[in-house]
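Here the structure comes first, spelled out in structure tokens, and everything after it is commentary.
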Amino acid sequence: MRERTGQIIENKNNEWIARVCYKNSNGKRTAIQRKAKDKTDAKKILKQLLETLEKGGREAIDVEKLMFNDLINYYQEHYAKPAKFIDNHKVEGLRDLRKVKGFSNSFGIISAK
């Protein structure tokens, strides 16, 4: 496998940009880029991006793009479940799902379900 190197670019507005290309979960070639204060900062950012891709793969980069709604939907799907009791002791789930739905609605979030 070819090692990624990334790029450091100075654009026409004299802004420094660290950029790394990778294939996203759909198989399309995608670039992730971050602005930097100067060339030294761009090198640090590029190193961090490369380490993130090396350790976590493209999924780690895709996670950075998640929106708050995505996180709430994930929580509701995996954790916001009705309470399950065994011998009058709650062993899993939430006692009051209305609270979770109320918080979600207060942010204007509609569940994916």
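Quick note on our numbering: the sequence shown kicks off at 227 and runs consecutively.
The C-beta atom is built at its ideal place from N, Cα and C for all residues, glycine as well.
In this text, all values refer to a predicted model and were calculated from it rather than measured experimentally.
With 16 as the cutoff for other CB atoms within 10 Å, does Ala-297 come out buried or exposed? It is worth fixing the name first, because residue 297 is Leu in this sequence and not Ala. Exposed.
Residue closest to Lys-310, alpha-carbon to alpha-carbon, out of Gln-259, Asn-252, Asp-322: Asp-322
If you count every other CB in all the chains shown that lies within 10 Å of the CB of Leu-292, and 16 or more means buried, which is it? exposed
If you reduce the DSSP assignment to three classes, tell me which class Lys-281 lands in. helix
Counting C-beta neighbours from all protein chains within 10 Å, is the total for Met-227 16 or more, i.e. buried, or is it exposed? Low confidence applies to Met-227: its pLDDT is 46, below 50, so where it sits in the model is not reliable, and the reading given next is rough at best. It counts as exposed.
Say whether chain C places a C-beta atom closer than 8 Å to the C-beta of Gly-328. Reference to chain C is not applicable here, since this structure consists of a single protein chain.
When DSSP builds the beta bridges, which residues end up paired with Glu-236? Trp-242
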